[in-house]
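What follows is one structure encoded as structure tokens, with my remarks underneath.
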Amino acid sequence: MKLPAEQRPHLDAFRRACEALRAQGLERAARRSGCPLRDGAFEVELLGRAFLLRVEPPSVEPEAGDAEKACIARYVMLARPLPDLTPVSFAEVPRARTYLNPFRGRVLGAFLGAFGRAPERLARAAEALGARKV
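Mapping of the sequence shown onto full-length UniProt numbering: position 66 corresponds to residue 66, and the numbering continues sequentially without gaps.
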């Protein structure tokens, strides 16, 4: 009886992802993923650990298992830029406009009641909570 050839599907997925990254262009993949590209290697931080992903020849440092390698390479290969995350106000969100007046009454009214005569106290409280002036 002949044993089947060893199958390593995660290693195959890793190699295919590295080929796709080469075809995309490393600089383009770096821009899309946000992973810095240094000396032909992507610097990838994943789950609190730092990895170097090289696509030529395909490797990951520090050494990782086949599944981890595939995950890291596919993470970079499939990355898409995030949409603009600039904060917006209720007035700028069409469906939220109907809530703007009740919001002003409940929230802004409470702020004015607490800090109306001393707005600098509001500024100090906001800074203590991590706010920044815009």
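Cβ atoms here follow ideal geometry from the backbone N, Cα and C, with glycine treated the same way.
| Query | Result |
| --- | --- |
| Given 8 Å, three or more beta-carbon pairs between the segment 15–34 and the segment 65–79 | yes |
| Proximity below 8 Å, CB of L11 to CB of D66 | yes |
| Euclidean distance between Cα positions of E92 and K133 | 19 Å |
| Terminal residues of the alpha helix (DSSP H) in which V76 lies | 66–77 |
| Residue ranges of each alpha helix (DSSP H) within the UniProt domain "DUF3786" (26–132), 4 or longer | 26–33, 66–77, 97–103, 109–115, 119–128 |
| Distance, P9 Cα to G25 Cα | 24 Å |
| Counted within 10 angstroms of its Cβ, other Cβ atoms place A41 as buried (16 or more) or exposed | buried |
| Terminal residues of the alpha helix (DSSP H) in which R15 lies | 9–24 |
| C-alpha distance - P58 paired with E6, whole-angstrom precision | 20 Å |
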